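Residue numbers (my numbering), protein chains in the order written: chain A, 1 to 271; chain B, 1001 to 1346; chain C, 2001 to 2292.
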Amino acid sequence: MTASPILEVSGVSLAFGGVRALNDVSFTVPEGAITAVIGPNGAGKTSLFNTISGFYRPQSGSIRFAGESLDGVRAPQRAARGLARTFQNIALFRGMTVLDNIKLGRHAHMRTGVLDALFYWGRAQKEELELRAEIEERIIDFLEIQHIRNASVGTLSYGLQKRVELARALAMRPRILMLDEPVAGMNREETEDMARFILDVKEEWGVTILMVEHDMGMVMDISDHVVVLNFGQVIASGTPREVQGNDAVVAAYLGSGDVGAIARRIKAEAA
Amino acid sequence: MRIGTLKTSYAADEALFDTPTQRLLLGLLALGAIAFPFVASPYWLFLACLCAINVASATGLNLLTGYTGLVSLGQAAFMSVGAYTVAVLEIRLGTPFFINLLVGAGLAAMIGILVGIPSLKVKGLYLAIATIAASVILHFLFAHWSLTGESRGLSMPPARLFGLTLDQPFSLYWLIMPVTCLMVLGAANLLRTRIGRAFIAIRDRDISAEVLGIPLLRYKLTSFAISSFYAGLAGGLWAYFFRVVTPESFPLVNSIFYLAAIIVGGMGTILGGILGAVFMTLVPELLKFVANWATPIYPDALAALAPVRTIVFGGLIVGFLIFEPRGLAEIWRRLRRFFHLWPFRT
Amino acid sequence: MDTLFLAEVTLAGLGAGALYALTGVAFVLIYKATRVVNLAIGEILMLGGYAFLGFAAGLGLSPWLALPLAIAAGGALGWLVERALIRPMLGESPISVFMVTIGLGSILAGVVQLGWGADPLRLPEFMPSTPVFIGEAYLAPKVAIGFVAAAVVIGLFLALFRFSRGGVALKATAADQGAAYSVGIDVPRVFSVAWILACATAAGAGVLIGAIGGISPTMGVFGLSVLVVVIIGGLDSIAGALVGGLLIGLVEALAGAFLGGEFKLVVTFALLLVLLMVRPYGLFGTHEIERL
Ligand SMILES: Nc1ncnc2c1ncn2[C@@H]1O[C@H](COP(=O)(O)OP(=O)(O)OP(=O)(O)O)[C@@H](O)[C@H]1O
Ligand SMILES: [Mg+2]
């Protein structure tokens, strides 16, 4: 991949009291590709996402997105610029239907003000109906969730909830889509569906993807580029094949005691 | 029995009242509301106006507490801002009532924003206490300011419209009821736009909402502003209705009343705000009725009325929270379901 | 400025502040153990005063017997409330539980008014009435006794928290209910005991306050000042309740003496607002960290 980077993380460090969650982390995310961030539990992957989203402020380092610095840009503005994401612990809004959860994703791109909204005339109505049509045609059909659009999110299975979260992120008009463990806790079939959706988003929507995932099979299958994090530091990066052969990576997984099975699979797949 | 409805466009699907039955019901309700003043006695008209004022205020609080998840014990204080403004404008300037109402509501909204600023830093109970603090300060201000008549308060002339004087429940009904209906409709509209969704998102998971593009402070303050705008408008109507505004007109217990109304009615549903406010307004009247009726048998019944009201008020809050936390709106939903499926059992 | 007057006002303020602190400690005890903000604390305190009146004047018992009985009645009420109203609300949002206590306060106020009428009443005299002088400053004897009693009870509480098994259980429960449960602490019992102790304490405070200023069904507004005290101190801090109580007692006394009685409440609440902006979780309260 030689495309220019859409996201550049340089020298980011983040500490919680004594815990150094991120330590001088630098990497780039090429545009239009799938980049995976892997690493044992507690390596700092979610903290990295939260820092990119603007929820945590790093003690040092800087992040550039689409050629502009994100320093001092607050989380909602980052979302408005096209940083969309899903969460490791599903963060759907239980008081809303699936459809409203998805619509919420578009918030930053809408213009309806309080007065428009109170009267629901002109702009407010037009905007709502356009959004509805777009969501129906581009997102709901695409993710095959027509049957649950009016369901309350609390009643859905885990796999479907993850899919609704993806739908909401897609409604955010992403330039980069950050997925925190998109297939965690899913069965084989659901995982395959999700992998297919992610590939389709990349290909059909032309959206850059940055994802954290523990499922090595999937990471190796679909990503173009892998960054390995351990104890808050980048210990390797490159194509899936390069990373698989890297001794430090294997050691990190073994050393952490983080499911030896994963390490074995890395080796098996490298072979 | 009704079976699924077929919808042909997104616009139809997004409508507030999306089934023919609902529209029919609504039409009947509107006809009833128009016919009501011609058949009801002044006492019932008085109660209807009072219910409408309380519905307006409770709906505002519901937007803030039920939908945005910010608890306020200041709704009555915001009403007092509207009421005093209307009274002062009416007495000093004699401006038309709709201008007075809007100015009062606008002022209340501004004070609401001011009171909401601590929500930048504090949440939940700490915020509720900040709203109590604001109420205490406003009460003090009104009780000591010569413009607001100090502790005596203000008596004001009635509203006038095209040479008509609105000083009877019959004429006031035509002011209060339409305004309340518009306010409720406005709230329902608000909730189907991005603003309503932002409120609910803040209530359900504020920090995720922020990462998804919702500026928290801005929407929390918007919610405060709208909610206190509603309160101010309701307070203005209240002033025209009673025409005497004193510092004791809007005690803290009234703020609790509105909170109780949305709890009993069902937080976070428009219907809940309406049902709760009407119910909580009528219960004391019902008790009065019972006391009158019981007096021949139990002569002290009327004397016991005040404490019994207090007990019933508390009992309703506790009872609903423990046994029916989703309120009257949920009971209504169950009833409706039952009749839709009737005669088949679920 | 007249220093003697200032000294007397200060003493009276500290005297009232000690009772705020005592009730504040009761409030914090419930909050620490059960995370419930008990807005009915003012009404429970009021009920203590009326129970005392009932035992002493109604049943004609000696005040020295009526006092422990009133305290016991407060404890019994605490037990009942926790069982009947608080436990069913376990897991509900804090705001719902807080509203339950508001409802409870309303019920208690109504019951008292139904039983004893709406007019203020005086409690039978039972405390010595020899004037107390500190230096030259005069201090009403009842206020002095109230101060000493509050200090003793708070001291007992502090010792209990620090040195008893129950205190450890309370601390563990306050820190993490789930973890406390899993190491074998009987969390429901901690809840129950906290409510009993706190309501008994509040009832005792009610007798002291009633002895000083009389009792009435609107006495529950005392709870509002206590709320200010604990918010200023920090909801989960005993030390905060002490400092906050004395501070608010003092501020109210000074505001009452130099500005006028009607300024008391507004000054304390204005102070509260300022403090909330500067220190959102009170002087000593802990701020819970949020994660995404
Ligand atoms: N808000 C916080 N406060 C304190 N420590 C935190 C916070 N968030 C994360 N940490 C710590 O930072 C480290 C990195 O956590 P993080 O959640 O980023 O790991 P992760 O790589 O996402 O792990 P997993 O694979 O289990 O999701 C951990 O030690 C964690 O305990
Ligand atoms: Mg993680």
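Cβ atoms here follow ideal geometry from the backbone N, Cα and C, with glycine treated the same way. Quick caveat, the model's predicted, so the values are computed rather than measured.
Check	Outcome
Nearest-angstrom Cα separation, counted from residue 115 of chain A out to residue 1149 of chain B	34 Å
Cβ of residue 1330 of chain B within 8 Å of any chain C Cβ	no
Residue 1213 of chain B beta carbon less than 8 Å from that of residue 172 of chain A	yes
Three-way DSSP call (helix, strand, coil) for residue 2197 of chain C in this model	helix
Other residues of its chain near residue 1 of chain A: CB distance less than 7 Å, five sequence neighbours each side excluded	Note that residue 1 of chain A scores a pLDDT of 46, beneath 50, so its modelled location is shaky; the value from the coordinates is reported in the next line. Cβ within range, chain order: 30, 33, 224 and 225.
C-alpha distance - residue 1135 of chain B paired with residue 1193 of chain B, whole-angstrom precision	31 Å
Residues within the stretch 1109 to 1124 of chain B neighbouring chain C, beta-carbon criterion of under 7 Å	1118, 1121, 1122 and 1124
Outcome for residue 126 of chain A when other beta-carbon atoms lying within 10 angstroms are tallied against a minimum of 16	exposed
Neighbour-count burial assignment, residue 2125 of chain C, 16 or more Cβ in a 10 Å radius	exposed
Cβ-based contacts, 7 Å cut-off: residues of the stretch 104 to 115 of chain A near chain B	104, 105, 107, 108, 110, 112 and 114
Beta carbon proximity, residue 1126 of chain B to chain C, threshold 8 Å	yes
Segments of 4+ residues assigned as alpha helix (DSSP H) that fall wholly inside the stretch 46 to 80 of chain A	75 to 80
Simplified DSSP assignment, three categories, for residue 221 of chain A	helix
CA-to-CA distance, residue 229 of chain A to residue 248 of chain A, given in whole angstroms	11 Å
Contacts that residue 1208 of chain B makes with chain A (C-beta to C-beta distance below 7 Å)	87 and 91
Which listed residue (A:158, A:217, A:81 and A:211) has its alpha carbon closest to that of residue 67 of chain A	A:81
Per-residue contacts from residue 2231 of chain C into chain B (C-beta, under 7 Å)	1126 and 1129
Cβ of residue 2177 of chain C within 8 Å of any chain B Cβ	no
Alpha-carbon to alpha-carbon, residue 119 of chain A and residue 1041 of chain B	34 Å
Neighbourhood of ligand 2 [Cβ distance below 7 Å to any heavy atom], ordered by chain position	A:45, A:46, A:88, A:180, A:181 and A:212
CA-to-CA distance, residue 2226 of chain C to residue 2023 of chain C, given in whole angstroms	7 Å
For residue 2138 of chain C, the first and last residue of its enclosing beta strand (DSSP E)	2137 to 2139
Chain A contacts made by the stretch 1005 to 1030 of chain B, where a contact means CB separation under 8 Å	1010, 1011, 1013 and 1014
Residue environment, residue 60 of chain A, which counts as buried when at least 16 other CB atoms sit within 10 Å	exposed
Beta-carbon proximity list for residue 104 of chain A, same chain, < 8 Å, skipping 5 on both sides	93, 96, 168 and 171
Contacts around residue 1173 of chain B, its chain only, beta-carbon distance under 7 Å, and the 5 residues preceding and following it disregarded	1037, 1045, 1048 and 1049
Proximity of residue 2234 of chain C and residue 2283 of chain C at Cβ, strictly below 8 Å	yes
Residue from B:1186, B:1176 and B:1109 with nearest C-alpha to residue 1054 of chain B	B:1176
Residue 2178 of chain C to residue 1104 of chain B span [Cα, whole Å]	50 Å
Cut-off 7 Å between Cβ atoms - residues of its own chain near residue 47 of chain A, not counting five sequence neighbours on either side	14, 21, 22 and 56
Nonlocal neighbours in the same chain, by C-beta distance under 6 Å from residue 1111 of chain B, ignoring five residues either side	1081
Straight-line gap, residue 242 of chain A to residue 217 of chain A (C-alpha atoms, nearest Å)	15 Å
Cβ separation of residue 1151 of chain B and residue 1143 of chain B, assumed to be a contact under 8 Å, to the nearest whole Å	5 Å
Near-chain A residues of the stretch 1222 to 1245 of chain B - C-beta to any C-beta below 9 Å	1222, 1225 and 1226
Counted within 10 angstroms of its Cβ, other Cβ atoms place residue 1034 of chain B as buried (16 or more) or exposed	exposed
Near ligand 1: residue 16 of chain A beta-carbon under 7 Å from a heavy atom	yes
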